[in-house]
DNA sequence: GCCAACGTTGGC
DNA sequence: GCCAACGTTGGC
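Residue numbers (this note's numbering): 1128 to 1284.
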């Protein structure tokens, strides 16, 4: 199994919204970056775990954990919907461009593991999201990184 | 295939 | 709201 970090702007879609959904599950739609798409399409497997990261908000950071819950990736339906913000006129149902997986809520931390806290941790200097100028909305997390970050959860600075 | 211009991301 | 950094686009 693999570990991931997935960003979302909480004003757009937050971990609280995910938790409130009927099956606490969402299709991670709207990703329009090829690197991020490829990770969902080619690498993610059911049972993989992902940190939920809130970006572009007062305290950016990791707020909880989700699990990949679809058996495999499938076409993002919003690419075919002209009324959707993420409509892609180049995509056709017989030749989709954008793929996604489903994610299910696992837990929410009692406090945010802030970006500042991640930056301050001496063993997390290689964290993908901390690399200069990184903007990828989905990044891999190594197993050691996963456990270090988990150990920071529920222990505010 | 180069690269300038443009749009987007996201921390601050 | 600013702006650095990056991805994408499109002319050539």
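Beta carbons: idealized from backbone N, C-alpha and C, even for Gly.
Please read all numbers here as calculations on a predicted model, not as lab measurements.
If we count the other Cβ atoms within 10 Å of its Cβ and call it buried at 16 or more, is residue 1145 buried or exposed? Result: buried.
Just the C-alpha distance for residue 1225 and residue 1141, rounded to the nearest angstrom, thanks. 22 Å
How far does the alpha helix (DSSP H) with residue 1161 in it extend, from its first residue to its last? 1161-1165
Within a Cβ cutoff of 8 Å, which residues of the same chain sit near residue 1246, ignoring the five residues on either side of it in sequence? 1257
Please identify the residue among 1222, 1268, 1278 and 1263 whose C-alpha is closest to the C-alpha of residue 1127. Look at the range of the chain in this structure, 1128 to 1284, and you will see that residue 1127 is not part of it.
Report the three-state DSSP secondary structure of residue 1280 (helix, strand or coil). In the three-state DSSP reduction, residue 1280 falls in the coil class, being neither helix nor strand.
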